[in-house]
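Just below is one structure, and these are the notes that go with it.
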Amino acid sequence: MTDRQRNGFILALVAGLIAASIVVLTQFKTTLGLDLKGGVELVYQGQPTPQTPVVTQTALARAVDIMRQRVDQLGVAEPQIQTSGGNQISVGLPDVKDIARAEKLVGTTARLAFYDWEANALTPNGKTVASQLRTQDPNAVTISQGLNAGAATGNPGAGSMSLYQAVSLAAKQPVRISSDNSRQGPQYFMFGGPGSAACAAAARAQGVTPVVGAHCLLSGPDDNLQDLRSGLPAGVSAAQGQTLTVPQGTVVLQAADPSAKSTTAFNSPSAQFFVLNDHVALFGNDITNPQQTTDSTGSPDVSFGFTSRGGRAFQTVTATVAHRGDLVSGLGQTLNQHFAVALDTKLITVPQIEFSKYPDGIPGDNGADITGGFTIQSAQDLATQLRLGALPIQLKLISENQVSATLGSQALHQGLIAGAAGLLIVAIFLIAYYRVLGVIATAGLLVYGVYLYALIKLIPITLTLPGIAGLILTIGVAADANIVIFERVKEEIRAGRSIRQGIATGYRKGLTAIIDANVVTIMTAFILFVLATADVKG
Numbered sequence: 175m176t177d178r179q180r181n182g183f184i185l186a187l188v189a190g191l192i193a194a195s196i197v198v199l200t201q202f203k204t205t206l207g208l209d210l211k212g213g214v215e216l217v218y219q220g221q222p223t224p225q226t227p228v229v230t231q232t233a234l235a236r237a238v239d240i241m242r243q244r245v246d247q248l249g250v251a252e253p254q255i256q257t258s259g260g261n262q263i264s265v266g267l268p269d270v271k272d273i274a275r276a277e278k279l280v281g282t283t284a285r286l287a288f289y290d291w292e293a294n295a296l297t298p299n300g301k302t303v304a305s306q307l308r309t310q311d312p313n314a315v316t317i318s319q320g321l322n323a324g325a326a327t328g329n330p331g332a333g334s335m336s337l338y339q340a341v342s343l344a345a346k347q348p349v350r351i352s353s354d355n356s357r358q359g360p361q362y363f364m365f366g367g368p369g370s371a372a373c374a375a376a377a378r379a380q381g382v383t384p385v386v387g388a389h390c391l392l393s394g395p396d397d398n399l400q401d402l403r404s405g406l407p408a409g410v411s412a413a414q415g416q417t418l419t420v421p422q423g424t425v426v427l428q429a430a431d432p433s434a435k436s437t438t439a440f441n442s443p444s445a446q447f448f449v450l451n452d453h454v455a456l457f458g459n460d461i462t463n464p465q466q467t468t469d470s471t472g473s474p475d476v477s478f479g480f481t482s483r484g485g486r487a488f489q490t491v492t493a494t495v496a497h498r499g500d501l502v503s504g505l506g507q508t509l510n511q512h513f514a515v516a517l518d519t520k521l522i523t524v525p526q527i528e529f530s531k532y533p534d535g536i537p538g539d540n541g542a543d544i545t546g547g548f549t550i551q552s553a554q555d556l557a558t559q560l561r562l563g564a565l566p567i568q569l570k571l572i573s574e575n576q577v578s579a580t581l582g583s584q585a586l587h588q589g590l591i592a593g594a595a596g597l598l599i600v601a602i603f604l605i606a607y608y609r610v611l612g613v614i615a616t617a618g619l620l621v622y623g624v625y626l627y628a629l630i631k632l633i634p635i636t637l638t639l640p641g642i643a644g645l646i647l648t649i650g651v652a653a654d655a656n657i658v659i660f661e662r663v664k665e666e667i668r669a670g671r672s673i674r675q676g677i678a679t680g681y682r683k684g685l686t687a688i689i690d691a692n693v694v695t696i697m698t699a700f701i702l703f704v705l706a707t708a709d710v711k712g
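The working numbering applies: residue 175 is where the sequence shown begins, and numbers increase by one.
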């Protein structure tokens, strides 16, 4: 192939690529990121569980897969879910309307646990309710029988206590390591004293009014002391707080309605809690086919079946509960006992088991229902979480970044103006300084820009505000490559070479410096892509 033929082929290839790029630019949509489209980015830190003692890349990948399926239930278009760093997951949700629901559905571990209530719930003196009922301990009777009034709504609160009281009681319990524990290792809380400066600072950080005469939660719960201290509000030191440790084998559960509208925040002063020995009778993997249904009154609930093991375990625990109620009723009054259903750290419902109806327990052949003041949406969300399975790791929300659609539109407009201005300034400089070569270089930059933007649309690559900045920087880098070559060409011509020889030699000698610079750029970009969050990746 002669030089003329080779040059003609190259020109034809460039023209063909330009034509193809124009087709892509007109037919494909640009995928915009959260900062340009509006939405919310949630960054979670993966933490171990009894089933996954170490957070591995396999566990993170499985968690991402489950979270992606959960996001599909929200109807969010083009979500961005990916791992970042060694143990983090970044979740980008464009155009999401209900952020609270998104956080609850996506980031909840969804570890379902069934407990024999009276056998595990603790009274303020640290004894189980079951052991104290025969002595007519008023606290035990209240915790057990006070539930009967609240069982219909699934929001039992009789005999509950504040978070500080519950954690203080739990911290006094011994370590009980067992295969039926719902969590692994100790759990740490840090509280501020009533009326303390630390509580005032925490209230300011949360935008709430401090509660007079009450302890406040400064940080936690966390699985290690380092995270506990790093979670303190600004201006508060660890020395200002009281650290309490809940040992493995004991759990603090919040009495809460699963309805999104009525759920009380974990650290709210009005939240109430129970302390239980952490002996789980059934786990979420013992149930099958959970779905949102309605009960006999038309109220939403969640129904499910059992695995063969789960069905046997369910009948065994309900028989134990029923028989214990019959024995206690020998005191001259009916004291039906209960089993509890908890999702992560919150009670969902605590139904009673009547011995007269179920002397042999409730058979698991026909499945069971979870009731508890659900809305249709919250029941559907719970069914979705249970159907997709619990996350293999526990997730802690460490960052939340919300961008309105209006701000996103403004950012996109400003970014495009900045890009056009950057290209114009570079073009003016090249043409003013290098004349004809500058015109050629500017034309090359325009062709390069068309190729690059078409590639972004074709793959597609999500375009973010840092991404626009990166595109502008890329134009500068491309111009820099031209400048390196032009300067080499000028040096060769000054050395006595002809224009043709100077151009050929200048390109050949300048190529080494250009390759070195681009290799360093690629290495830096790779490091950022592996370790950084979505915002930095652009």
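Idealized CB from N, CA, C, for every residue including glycine.
Predicted model, so just to flag it, every value in this text is computed and none were measured.
Coil, strand or helix - residue i by DSSP
| i | result |
| --- | --- |
| Val228 | coil |
| Pro421 | coil |
| Gln554 | helix |
| Asp246 | helix |
| Ser258 | strand |
| Tyr532 | coil |
| Gln428 | strand |
| Gln361 | strand |
| Leu565 | coil |
| Gly381 | coil |
| Ile263 | strand |
| Leu456 | strand |
| Leu296 | strand |
Through-space distance from residue j to residue i, alpha-carbon basis
| i | j | result |
| --- | --- | --- |
| Gly484 | Asp460 | 5 Å |
| Gly541 | Ser482 | 11 Å |
| Gly535 | Thr490 | 6 Å |
| Thr226 | Leu571 | 19 Å |
| Gly650 | Gly641 | 14 Å |
| Thr686 | Tyr622 | 21 Å |
| Val162 | Phe529 | Outside the modelled stretch of the chain, which goes from 175 to 712, sits residue 162, for which no answer is possible. |
| Leu191 | Asp654 | 24 Å |
| Gln219 | Ala194 | 43 Å |
| Ala344 | Pro566 | 26 Å |
| Asn355 | Phe457 | 10 Å |
| Pro432 | Ala439 | Low confidence applies here, because Pro432 scores a pLDDT of 46, under 50, leaving its location unreliable; read the following figure in that light. So the two alpha carbons sit approximately 12 Å from each other. |
| Ala487 | Val217 | 37 Å |
| Ala564 | Glu292 | 26 Å |
| Ala691 | Phe660 | 16 Å |
| Ala377 | Gln247 | 35 Å |
| Thr467 | Pro474 | 6 Å |
| Gln179 | Tyr681 | 21 Å |
| Leu234 | Pro348 | 32 Å |
Element boundaries [beta strand (DSSP E), containing residue i]
| i | result |
| --- | --- |
| Asp209 | Run containing Asp209: none in the beta strand (DSSP E); it sits in the alpha helix (DSSP H), 208-211. |
| Ile572 | 568-577 |
| Asp396 | 390-396 |
| Gly680 | Gly680 -> not in any beta strand (DSSP E); alpha helix (DSSP H) instead, spanning 673-705. |
| Leu286 | 286-290 |
| Gln465 | 461-468 |
Close Cβ partners of residue i (< 6 Å) along its chain, the five nearest in sequence each way excluded
| i | result |
| --- | --- |
| Gln568 | Gln221, Thr223, Thr283 |
| Pro634 | Thr205 |
| Leu586 | Leu210 |
| Ala601 | Thr616 |
Spatial neighbours of residue i in its chain, beta-carbon cut-off 8 Å, leaving aside the 5 residues before and after
| i | result |
| --- | --- |
| Asn322 | Confidence at Asn322 is low in this model, with a pLDDT of 49, below 50, so its placement is unreliable and no value can be given for it. |
| Pro464 | Val476, Ser477, Phe478, Leu556, Ala557, Leu560, Arg561 |
| Ala325 | Bear in mind that a pLDDT of 40 at Ala325, under 50, signals an unreliable position, so the number given afterwards is only what the model happens to contain. Correct list, in chain order: His512, Thr523, Val524, Pro525, Gln526. |
| Ser578 | Gly212 |
| Asp397 | Gln221, Pro222, Gly359, Pro360, Gln361, Tyr362, Gln568 |
Opening and closing residue of the alpha helix (DSSP H) in which residue i lies
| i | result |
| --- | --- |
| Leu632 | 610-632 |
| Leu343 | 337-345 |
| Ile657 | 639-668 |
| Asn313 | 312-319 |
| Ile273 | 273-281 |
| Leu307 | 303-307 |
Opposing strand residues paired with residue i [DSSP bridges]
| i | result |
| --- | --- |
| Ile527 | Gln511 |
| Asp543 | Ser477 |
| Pro268 | Gly213 |
| Phe719 | The chain is shown from 175 up to 712; residue 719 falls before or after that span and cannot be answered. |
| Val449 | Val426 |
| Gln179 | Its beta-bridge partners do not exist; DSSP assigns none. |
| Leu517 | Leu286, Lys520 |
Residues of its chain near residue i, where Cβ-Cβ distance is below 7 Å and the 5 sequence neighbours each way are ignored
| i | result |
| --- | --- |
| Val613 | Ile605 |
| Asp401 | none |
Closer than 7 Å: residue i CB and nearest the ligand MG heavy atom
| i | result |
| --- | --- |
| Ile667 | What this structure holds is no ligand at all, so the ligand MG is not there to describe. |
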